[in-house]
Structure formats: structure tokens, C-alpha cells
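Once you know that position 136 of the sequence shown is 136 in UniProt numbering, the rest is easy, because the numbers rise by one and skip nothing.
Just so it is clear, CB atoms sit at the ideal spot from N, CA and C, and this is done for glycine as well.
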Amino acid sequence: MRHVFAASVIGALFAGSGLVAQDRGIQDWGTVVELYTSQGCSSCPPADRIFEQIADRDDVIALALHVDYWDYIGWKDDLGSPAYTARQRGYAQEWQARNVYTPQMVVAGVKELVGSHPVVAMDAIAAHPAQNNPVEVSLRRTGDVATISATAVGAVPARALVQIVRYTPRITREIHKGENAGKTVVYRNVVTSWAEAGEWNTSQPLSLQVNVTGDEPVVAIIQDGPAGAVLGAVQLR
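Laid out in C-alpha cells, this is it:
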């Protein structure tokens, strides 16, 4: 689902710039699909190619998180972060899984699968459509301020976690060492930051403002804790 915001004057000027602040961006609602991947994982390139196709879907918010636990093999993933490894381990703990692995996809915070299995991935996305989310959420950006609005429309926990994610839509890497030596891989929707914006008392409508800078897309995710079900999500590109 897609909606284009029309630019509108809000009656305020950027400080010292003489420019009128405007709403901007294309707002997409979709099923959140997280791909845990690594430049150092020989099994990951097929999943990265599948993820390319998923990233182009209007009904999906696709987010690639590069982990750091394969760096020791011989090629350091410069897109990786221990924070994304910790997020993946949080899911494993929630699901009482013994290990983490790549490539792993997590769909809507509730379904995990091997990321190189396209049919399983498409079936999981189809089983968790965004229109079934129990939270309606919207995102508006004016200058360097993003406003997140949300309302519970279904069964939700008493409190929910509000998160802001930024990503780079496309990055290409030539890999010179390790298990993928000699390969050139295109990575889509590479997460550059994943931050908690606040906790929401779901008995009341949410209106929350956060500072955002730069031209990267902005994603707002409302989740039942850091490793629970995604209750609602929207991105502004």
C-alpha cells in the first residue's frame, strides 16, 4: 500500500535558511522482513538475491541486518554491527533456539526461516499481511523532525516498543577474502541504525516526534518488545 504526501506549508521557517518546511516522502505500509546476513557467509549470496526481489515489493518493509560473527573467517563485513547480532540473539532467546545462523529471515517478528528458501519466504509474507496488524501507524517528516502516530485497532499488549530504523537502499561490495572471495554482491536495504524511540501506552493514541537527519528512508516499527511480534510498521522513502 502506498500513499504520496503532498508538499504543504506548515507555517514555520527553517532557522536561518529562509526556506519553508514541507512534508515529504512516499509512505509505505508493509510486512516487516528482516534478513540476517553477512559478507563472510558462503550461504548468504543466494538469500541476498532473493531479498533483492522482496525489497522491491510495495507490501513489504525489507530490512537487511549484517551480523559480525563471521568476521573471523577472513573477511570483515564493513556493514556488520554487534547490535544487529544482539538483535538476532534476542529472537533466538525468545524462541528458545540454541543458535543463531545466516542467512535467516524473520517475518513480522514471529516467523523465522532460512533466507535462501524463496517459496517458504513468500508463503511466510503472505501469511502475515500488514493489513492484519493490530496497530495503525503513520509517519510524517517535516525537515529533520519525524512524527509517528499510531492507534490500536486490535488486540495489543499494554505497552509496546517504538523503534526508528534507517537504511541505505543499495550497496555493492567486492569481496576479496574469506568464503565469498572473488564475488561482487549487491545488498539491498542495508540497515545503518536501529534505535528505540520510546515506549507506548497502547490504551492511548500515540504521537511521538523524533529527530532524523539525512536522506535515508525512515522506518517506524511498533513491536511487542525488541523480539516480539511486529504490531505495526510504516516507512517513509
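Query                                                                                      : Result
Of the listed residues Arg49, Ser149 and Asn99, nearest to Val64 (C-alpha basis)           : The sequence shown places Ala at residue 64, not Val. Comparing Cα positions, the closest option is Arg49.
Nearest candidate by alpha-carbon position, reference Trp75, set Glu174, Pro103 and Gln235 : Glu174
Anticipated Cβ contact below 8 Å, Val145 with Asn99, distance rounded                      : In fact, because the Cβ distance is near 41 Å, the residues do not count as touching under 8 Å.
Contact belief for Thr31 with Ala152 at Cβ below 8 Å, rounded distance in angstroms        : Their Cβ separation, rounded to whole angstroms, is 19 Å, which puts Thr31 and Ala152 out of contact at 8 Å.
Cα-Cα separation, Glu179 to Gly143                                                         : 43 Å
Gly232 vs Ile222 beta-carbon contact at 9 Å                                                : yes
Identity of the residues DSSP links to Asn211 by a beta bridge                             : Val145
Reduced DSSP secondary structure (H/G/I, E/B, other) of Glu216                             : coil
Length-filtered (4 minimum) alpha helix (DSSP H) runs lying within the segment 66-136      : 82-94 and 118-127
Straight-line Cα distance separating Val185 from Ser43                                     : 12 Å
Element boundaries [beta strand (DSSP E), containing Arg159]                               : Arg159 to Glu174
Assigned secondary structure, Asp56 (DSSP; H/G/I helix, E/B strand, else coil)             : coil
Residues near Ala121 by beta carbon distance below 8 Å, same chain, minus five either side : Val33, Ile50, Ile54, Met105, Val107, Leu113 and Gly115
Glu136 versus Val119, Ala155 and Ala62, residue with shortest Cα-Cα distance               : Ala155
Tyr187 versus Gln27, Glu52, Cys41 and Asp28, residue with shortest Cα-Cα distance          : Glu52
Cβ-Cβ distance between Ile26 and Arg237 below 9 Å                                          : yes
Exposed unless 16 or more other CB atoms sit within 10 angstroms - verdict on Val218       : buried
Whole-angstrom distance between Gln93 and Gly228, CA atom to CA atom                       : 11 Å
Inter-residue Cα distance where the pair is Ala150 and Val60                               : 19 Å
Residues near Leu35 by beta carbon distance below 6 Å, same chain, minus five either side  : Phe51, Ala64, Met105 and Gly115
Bridge-paired residues (DSSP) for Gly198                                                   : Val162
Proximity below 9 Å, CB of Thr37 to CB of Thr102                                           : yes
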